[in-house]
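Residue numbers (the working numbering): 1 to 432.
Every residue, glycine too, gets a C-beta built ideally from N, C-alpha and C.
Treat the numbers as computed from the prediction; the structure is a model and nothing was measured.
This is the structure we're talking about:
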């Protein structure tokens with residue numbers, strides 16, 4: 001399998017450690033590991049046009065070059081920031097005139113989301129006819145940033161942020177393979193800090209490691225300390241580690257502050273996490289959970305805003321992503337709270353797991369054919385709600401064994417009070 005030639009000794013560490021084979025790529029096992037779709041494709045010598053979508057520093061450019069090398073293709077890289085239609089047409093012309101016996105051409109366009117519609121249109125014909133195999137790389141959702149005709153001609157593959165284990169393995173490899181790092185002693189605590197501060201980005205991790213190494217004098221024993229890391233990265237680091245108490249204590253304080261309706265405390269802990277390099281997507285996901293678990297129907301728009309904030313963070317990343325995170329945090333902290341839905345589903349699950357409930361009432365069962373209705377009574381006696389005043393038929397739908405059970409106990413907080421009032425009116429014995 002063709003490999004990528006090694007970088008110059010003067011190149012940045014991230015470039016010197018760029019994988020030269022697919023086996024050296026950190027992470028992305030779901031794509032290039034055993035049974036992964038990209039591994040299967042190159043194993044058969046096949047490579048369709050595709051779009052690699054994922055956050056910065058997860059190997060999109062590297063993977064594009066290795067895929068092209070794996071199928072013996074000519075690799076033409078362009079960057080959408082500095083290239084235009086003229087460059088695209090020249091690359092297509094080069095591929096078209098290469099000759100029937102020449103290797104296929106892979107046209108790689110980094111940051112393809114920065115191409116406007118006209119620039120993306122210029123690719124359509126060549127991709128459609130197979131003159132070039134397009135590989136686009138983007139940090140933004142192709143559903144919003146790549147025109148539908150081009151997207152329909154490409155397979156989209158999602159790359160994931162690198163895990164702490166992936167980054168630690170990359171760090172360990174750098175320490176034993178790069179000559180400039182020989183003799184560098186990196187304690188576990190500082191390795192963990194660098195991994196956390198990288199935010200799942202291999203380039204950020206290696207740039208940080210190189211900055212640390214450059215601050216230490218040459219010699220056989222160079223020990224990295226927290227002060228070294230702070231000096232190299234030019235910021236004071238909180239005691240915040242992915243596997244330590246700092247990480248769990250801070251997210252716990254953040255969630256409890258929002259739950260406790262304290263927006264100022266919540267913003268403080270949000271700032272701590274962002275400053276320490278916490279994954280903003282992790283924070284956004286916790287807010288989504290909180291919006292349902294702790295606010296629920298007391299303010300149903302809380303879930304809508306939390307999901308929107310998570311989508312915004314995924315699309316724009318940091319530092320701008322701090323703003324929708326702060327908006328969602330302060331909104332949720334300022335809303336009435338209810339955990340009634342959360343308690344209700346857990347109580348229902350407990351009954352189901354214990355086998356409590358019994359058969360579904362006959363009037364609720366499906367009756368697709370008349371025989372099931374006459375023989376089994378399926379659907380007999382069912383009251384269609386829209387046939388009754390106010391769309392309420394007053395028919396109990398619980399299994400017979402649960403006729404005295406109530407799972408959902410709405411509070412009188414916020415919008416949930418109106419729900420409680422309606423249920424009391426409809427079901428006075430149950431909610432009275």
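Which class does residue i belong to by DSSP, given the choice of helix, strand or coil?
| i | result |
| --- | --- |
| residue 157 | strand |
| residue 255 | helix |
| residue 450 | The question about residue 450 has no answer, for the chain in this structure spans 1 to 432. |
| residue 182 | coil |
| residue 316 | helix |
| residue 222 | strand |
| residue 137 | strand |
| residue 105 | strand |
| residue 74 | strand |
| residue 378 | coil |
| residue 329 | helix |
| residue 189 | helix |
| residue 201 | coil |
| residue 337 | coil |
| residue 387 | helix |
| residue 18 | coil |
| residue 345 | helix |
| residue 352 | helix |
| residue 408 | coil |
| residue 12 | coil |
| residue 242 | The pLDDT assigned to residue 242 is 48, lower than 50, so where the model puts this residue is not dependable; a value taken from the coordinates is nonetheless given after this. Of the three classes helix, strand and coil, the one that applies to residue 242 here is coil, per DSSP. |
| residue 430 | helix |
| residue 366 | coil |
| residue 392 | coil |
| residue 288 | helix |
| residue 27 | coil |
| residue 116 | coil |
| residue 123 | helix |
| residue 162 | coil |
| residue 272 | helix |
Taking DSSP's pairing of strands, which residues face residue i in a bridge?
| i | result |
| --- | --- |
| residue 79 | 110 |
| residue 51 | 136 and 156 |
Report the option in the options whose CA atom is closest to the CA atom of residue i.
| i | options | result |
| --- | --- | --- |
| residue 334 | 75, 341 and 326 | 326 |
| residue 392 | 37, 422 and 25 | 422 |
| residue 390 | 357, 363, 409 and 426 | 426 |
| residue 379 | 364, 388 and 385 | 364 |
| residue 280 | 34, 200, 154 and 31 | 200 |
| residue 498 | 119, 214, 125 and 158 | The displayed coordinates of the chain run from 1 to 432. Any statement about residue 498 would go beyond what the structure contains. |
| residue 232 | 247, 162, 202 and 194 | 194 |
| residue 27 | 135, 97, 155 and 162 | 162 |
| residue 64 | 136, 324 and 402 | 136 |
| residue 397 | 288, 432 and 361 | 361 |
| residue 123 | 95, 262, 101 and 99 | 95 |
| residue 329 | 366, 290 and 339 | 290 |
| residue 18 | 207, 35, 306 and 274 | 207 |
| residue 83 | 69, 107, 102 and 70 | 107 |
| residue 117 | 432, 251 and 149 | 149 |
| residue 121 | 345, 147, 381 and 155 | 147 |
What's the gap between the Cα of residue i and the Cα of residue j?
| i | j | result |
| --- | --- | --- |
| residue 253 | residue 204 | 27 angstroms |
| residue 313 | residue 270 | 14 angstroms |
| residue 257 | residue 286 | 13 angstroms |
| residue 249 | residue 278 | 13 angstroms |
| residue 49 | residue 72 | 15 angstroms |
| residue 218 | residue 67 | 38 angstroms |
| residue 192 | residue 171 | 10 angstroms |
| residue 160 | residue 59 | 10 angstroms |
| residue 198 | residue 20 | 22 angstroms |
| residue 15 | residue 229 | 21 angstroms |
| residue 342 | residue 303 | 13 angstroms |
| residue 284 | residue 310 | 5 angstroms |
| residue 37 | residue 43 | 10 angstroms |
| residue 347 | residue 47 | 50 angstroms |
| residue 190 | residue 30 | 29 angstroms |
| residue 152 | residue 134 | 12 angstroms |
| residue 324 | residue 264 | 16 angstroms |
| residue 275 | residue 395 | 55 angstroms |
| residue 420 | residue 406 | 13 angstroms |
| residue 178 | residue 187 | 18 angstroms |
8 angstroms is my cut-off, CB to CB: does residue i come that close to chain D?
| i | result |
| --- | --- |
| residue 202 | The chain inventory of the structure shown lacks chain D, comprising one protein chain alone. |
Hey, would you say the C-beta of residue i is under 7 angstroms away from at least one heavy atom of the ligand SAH?
| i | result |
| --- | --- |
| residue 122 | Ligands displayed in this structure: none; no statement on the ligand SAH is therefore possible. |
Say whether the segment 182-195 touches the segment 221-234, bearing in mind that this needs 3 or more beta-carbon pairs closer than 8 angstroms, one atom from each stretch.
-> The segment 182-195, when compared against the segment 221-234, does touch it at the 8 angstroms Cβ threshold.
Assess, as a yes-or-no matter, whether the segment 402-414 is touched by the segment 286-299 under the definition of 3 or more beta carbon pairs within less than 8 angstroms.
-> yes
Are there three or more Cβ pairs, one per stretch, closer than 8 angstroms when the segment 110-118 is compared with the segment 135-142?
-> Cβ pair count under 8 angstroms is three or more, so yes.
Can at least three beta-carbon pairs, one atom from the segment 44-55 and one from the segment 84-96, be found at a separation below 8 angstroms?
-> When Cβ pairs closer than 8 angstroms are counted between the two stretches, the segment 44-55 is seen not to touch the segment 84-96, the count staying below three.
Report yes or no: do three or more beta-carbon pairs, one from the segment 70-81 and one from the segment 164-179, lie closer than 8 angstroms?
-> The answer is no - the segment 164-179 does not touch the segment 70-81, with fewer than three Cβ pairs under 8 angstroms.
Spell out a yes or no on whether the segment 307-321 and the segment 342-356 are touching, meaning 3 or more CB-CB pairs, one atom from each, closer than 8 angstroms.
-> no
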